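There are 2 protein chains.
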Amino acid sequence: MKRIESVKNEQVKNWKKLLTKKGRDKSGQFLLEGFHLIEEALKAKLKFEAILVTNEDKIESQWQIERKKFIIVTEQVLKELSEMDTPQGVVAIVQMPTWPEQIATTGQWLLIDRVQDPGNIGTMIRTAEAAGLTGIVLGEGSVDLYNGKVVRATQGALFHIPIIKGNILELIPKFKAAGIPVFGTALEKASSYTAVESQAQFALIVGNEGQGVEKSILAECDQNIYIPIFGQAESLNVAVASGILMYYLKAIRS
Amino acid sequence: MKRIESVKNEQVKNWKKLLTKKGRDKSGQFLLEGFHLIEEALKAKLKFEAILVTNEDKIESQWQIERKKFIIVTEQVLKELSEMDTPQGVVAIVQMPTWPEQIATTGQWLLIDRVQDPGNIGTMIRTAEAAGLTGIVLGEGSVDLYNGKVVRATQGALFHIPIIKGNILELIPKFKAAGIPVFGTALEKASSYTAVESQAQFALIVGNEGQGVEKSILAECDQNIYIPIFGQAESLNVAVASGILMYYLKAIRS
Numbered sequence: 538m539k540r541i542e543s544v545k546n547e548q549v550k551n552w553k554k555l556l557t558k559k560g561r562d563k564s565g566q567f568l569l570e571g572f573h574l575i576e577e578a579l580k581a582k583l584k585f586e587a588i589l590v591t592n593e594d595k596i597e598s599q600w601q602i603e604r605k606k607f608i609i610v611t612e613q614v615l616k617e618l619s620e621m622d623t624p625q626g627v628v629a630i631v632q633m634p635t636w637p638e639q640i641a642t643t644g645q646w647l648l649i650d651r652v653q654d655p656g657n658i659g660t661m662i663r664t665a666e667a668a669g670l671t672g673i674v675l676g677e678g679s680v681d682l683y684n685g686k687v688v689r690a691t692q693g694a695l696f697h698i699p700i701i702k703g704n705i706l707e708l709i710p711k712f713k714a715a716g717i718p719v720f721g722t723a724l725e726k727a728s729s730y731t732a733v734e735s736q737a738q739f740a741l742i743v744g745n746e747g748q749g750v751e752k753s754i755l756a757e758c759d760q761n762i763y764i765p766i767f768g769q770a771e772s773l774n775v776a777v778a779s780g781i782l783m784y785y786l787k788a789i790r791s
Numbered sequence: 538m539k540r541i542e543s544v545k546n547e548q549v550k551n552w553k554k555l556l557t558k559k560g561r562d563k564s565g566q567f568l569l570e571g572f573h574l575i576e577e578a579l580k581a582k583l584k585f586e587a588i589l590v591t592n593e594d595k596i597e598s599q600w601q602i603e604r605k606k607f608i609i610v611t612e613q614v615l616k617e618l619s620e621m622d623t624p625q626g627v628v629a630i631v632q633m634p635t636w637p638e639q640i641a642t643t644g645q646w647l648l649i650d651r652v653q654d655p656g657n658i659g660t661m662i663r664t665a666e667a668a669g670l671t672g673i674v675l676g677e678g679s680v681d682l683y684n685g686k687v688v689r690a691t692q693g694a695l696f697h698i699p700i701i702k703g704n705i706l707e708l709i710p711k712f713k714a715a716g717i718p719v720f721g722t723a724l725e726k727a728s729s730y731t732a733v734e735s736q737a738q739f740a741l742i743v744g745n746e747g748q749g750v751e752k753s754i755l756a757e758c759d760q761n762i763y764i765p766i767f768g769q770a771e772s773l774n775v776a777v778a779s780g781i782l783m784y785y786l787k788a789i790r791s
């Protein structure tokens with residue numbers, strides 16, 4: 538099995554670039570850390586360039602992958618590529634999945650407008666996948682999908698649901714043309730979500746933690762909805778609100 | 538206005554102890570950081586021992602509090618008491634609110650069993666307050682309520698809803714005796730939440746991120762419910778799941 542012992546190794550230097558959005562976008566690869574996530578990515582048949590482990594015991598026998606892709610590295614090398622306080626001793630270099638862009642034609646969609654917190658984005662992806670949505674549109678100005686915190690918060694759901702980067706304002710007419718009702722979320726000039734029927738198809742737009750969905754986007758929606766606040770809170774956390782609305786629009790039917 | 542310039546000041550040393558659960562429990566005080574949270578605590582009429590600011594400009598004119606409680610401190614002193622990467626220049630020392638223990642007699646309750654992530658606990662408190670619940674029981678083994686990350690994630694909601702520490706297993710009979718139905722959450726031997734009617738009163742129990750609600754607790758519930766997973770995810774984030782269930786049990790009626 539191949540070994541890398543120096544942090545100055547050229548491959549290690551290249552992989553380190555994947556810790557930044559710029560490096561990831563350039564190469565189309567990202568870093569995946571921890572056993573559970575690697576397993577989810579293998580299940581989803583993502584392409585692996587390499588799996589780095591600090592020793593052979595870290596290799597799970599059920600991992601369906603050519604043996605030559607494993608590389609034994611020192612703890613220092615692994616640490617260079619790890620974002621965790623206590624690394625699990627395994628980091629993979631993986632190719633970003635690609636999804637057909639044939640959206641806005643059918644199904645149930647979550648559209649994310651400029652959400653900034655990686656934990657929120659990751660949790661929203663996890664919930665959308667769990668709710669069985671067709672796909673997610675990650676609007677411009679949202680945090681990067683392959684940010685390590687996002688990836689970890691999805692718990693691997695990002696490998697199981699199509700996630701497309703796009704301009705939400707440009708996509709709304711496509712959803713409408715396909716007969717898919719577009720719901721914005723807003724605190725003003727909106728109806729309580731309980732006034733809406735559950736939907737076989739929908740595009741649900743949720744927005745930035747502080748500012749919500751951009752006004753120009755809300756103006757194009759078929760209907761804007763809100764979740765009633767019965768207490769003194771000003772708003773709900775965007776991942777919680779998305780969960781309530783996705784399950785309301787979708788699962789309540791079952 | 539009083540000034541403190543040395544990090545070795547005896548008061549500063551004492552306040553630093555409030556960064557630990559032990560120190561908070563001993564004194565009954567906690568640290569509150571940032572403008573929004575301080576404002577929420579003032580609105581809720583919590584007792585302030587002091588508000589430390591790095592300069593007088595940080596004092597908001599609408600803050601209803603005796604002037605003698607403000608103390609001007611150096612940035613180093615403030616940093617000693619701050620948990621944020623970029624402190625806002627204001628930290629308050631505040632007395633923990635107390636709530637009457639007359640629970641299990643009426644209303645809608647969220648019971649939290651051994652949830653570990655501060656962000657999850659804080660978000661759950663924020664959602665429960667927004668949903669207008671009567672109160673929250675923080676079960677033994679959950680993360681400390683006055684952990685700075687919990688407090689910040691609540692966005693101040695913890696000052697507006699009764700939160701009682703207690704033993705969930707011991708409280709269940711009290712809820713039942715008061716005619717309040719007790720719902721556990723579980724992935725097995727449970728009904729879909731959509732099979733349950735919305736409820737004027739309820740006690741909803743949610744549990745640990747990895748293990749869920751403890752089995753001995755589930756055995757005592759009137760009914761155990763789950764949220765259907767339509768995708769490949771193993772579970773939902775506990776704060777999202779709590780939000781879906783609280784709003785379903787409560788708000789769907791309106």
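Residue numbers (the working numbering), protein chains in the order written: chain S, 538 to 791; chain G, 538 to 791.
A virtual CB, placed ideally from N, CA and C, is assigned to each residue, including glycine.
All values derive from a computational prediction rather than experimental measurement.
In DSSP terms, what residue i is bridged to
i, result
"Trp646(G)", "Gly672(G) and Ala740(G)"
"Lys570(G)", "Reading off the sequence, residue 570(G) comes out as Glu, not Lys. DSSP output for Glu570(G) lists Val628(G) as bridge partner(s)."
"Leu618(G)", "The partner list for Leu618(G) (beta bridge, DSSP) is empty, contrary to what the question assumes."
"Leu589(G)", "Ile608(G) and Val628(G)"
"Asn745(S)", "Gly749(S)"
"Arg540(G)", "Ile609(G)"
Close beta carbons around residue i, own chain, < 8 Å, minus the five adjacent residues each side
i, result
"Glu542(G)", "Val610, Thr611 and Val614"
"Lys713(S)", "Val719 and Asp759"
"Gly565(G)", "Gln632 and Met633"
"Ala778(S)", "Thr722, Val743, Ile764 and Ser772"
"Ala667(G)", "Ala694"
"Lys539(S)", "Lys605, Phe607, Ile608 and Ile609"
Proximal residues to residue i (C-beta, below 7 Å), its chain only, five neighbours per side dropped
i, result
"Gln800(S)", "Any answer about residue 800(S) is impossible in this case: the structure gives chain S only from 538 up to 791."
"Gln548(G)", "Ile541"
"Ile596(G)", "Val590 and Phe607"
"Glu617(S)", "Val544, Val549 and Lys553"
"His697(G)", "Ala581 and Glu666"
Residue i at chain S interface by Cβ criterion, 8 Å
i, result
"Ala527(G)", "Outside the modelled stretch of chain G, which goes from 538 to 791, sits residue 527(G), for which no answer is possible."
"Asn684(G)", "no"
"Gly676(G)", "no"
"Gln769(G)", "yes"
"Ser791(G)", "Note that Ser791(G) scores 42 on pLDDT, short of 50, meaning its location in the model is unreliable; the coordinates nonetheless yield the value given after this. Yes, its Cβ sits closer than 8 Å to a Cβ of chain S."
"Glu597(G)", "no"
"Leu647(G)", "no"
"Asn774(G)", "yes"
"Ala756(G)", "no"
"Glu666(G)", "yes"
"Gly780(G)", "yes"
"Arg689(G)", "no"
"Gly656(G)", "yes"
"Ala715(G)", "no"
"Arg561(G)", "no"
"Arg663(G)", "yes"
Neighbour flag for residue i against chain G, beta carbons, 8 Å
i, result
"Val777(S)", "yes"
"Tyr763(S)", "no"
"Gly644(S)", "no"
"Glu576(S)", "no"
"Glu613(S)", "It should be pointed out that residue 613(S) corresponds to Gln in this sequence rather than to Glu. Chain G contact via Cβ: absent."
"Ala694(S)", "yes"
"Arg651(S)", "no"
"Glu722(S)", "It is Thr, not Glu, that sits at residue 722(S) in the sequence shown. Not one chain G Cβ lies under 8 Å of Thr722(S)."
"Leu555(S)", "no"
"Ile673(S)", "no"
Chain-order list of residues whose beta-carbon lies under 6 Å from that of residue i (same chain, five-residue window excluded)
i, result
"Lys702(S)", "Leu675"
"Gln748(G)", "none"
"Ala587(S)", "Lys606, Ile608 and Ile630"
"Gly571(S)", "Gln625"
"Ala776(G)", "Asn657, Thr660 and Met661"
"Thr664(S)", "Gly780"
"Ser679(S)", "Ile649, Arg651 and Val652"
"Val627(S)", "Val590 and Lys595"
"Asn761(G)", "Gly721, Ala723, Ala727 and Leu755"
"Asn684(S)", "Pro655"
"Glu757(G)", "Ile709"
"Thr691(G)", "Gly659, Ile662 and Arg663"
Supposed contact pair residue j and residue i - C-beta distance, whole angstroms, cut 8 Å
i, j, result
"Leu741(S)", "Met783(S)", "6 Å"
"Pro699(S)", "Gly716(S)", "So it is not a contact: roughly 20 Å between Cβ atoms."
"Arg689(S)", "Leu574(S)", "7 Å"
"Arg561(G)", "Leu555(G)", "5 Å"
Just to confirm the assignment: which complete alpha helix (DSSP H) runs, minimum length 4, are found wholly within the stretch 748-772 of chain S? 752-755, all fully within the stretch 748-772 of chain S.
Mind listing, in chain order, the continuous beta strand (DSSP E) runs of no fewer than 3 residues lying wholly within the stretch 667-733 of chain S? Taken in chain order, the complete beta strand (DSSP E) segments of 3 or more residues contained in the stretch 667-733 of chain S are 672-676, 700-703 and 719-722.
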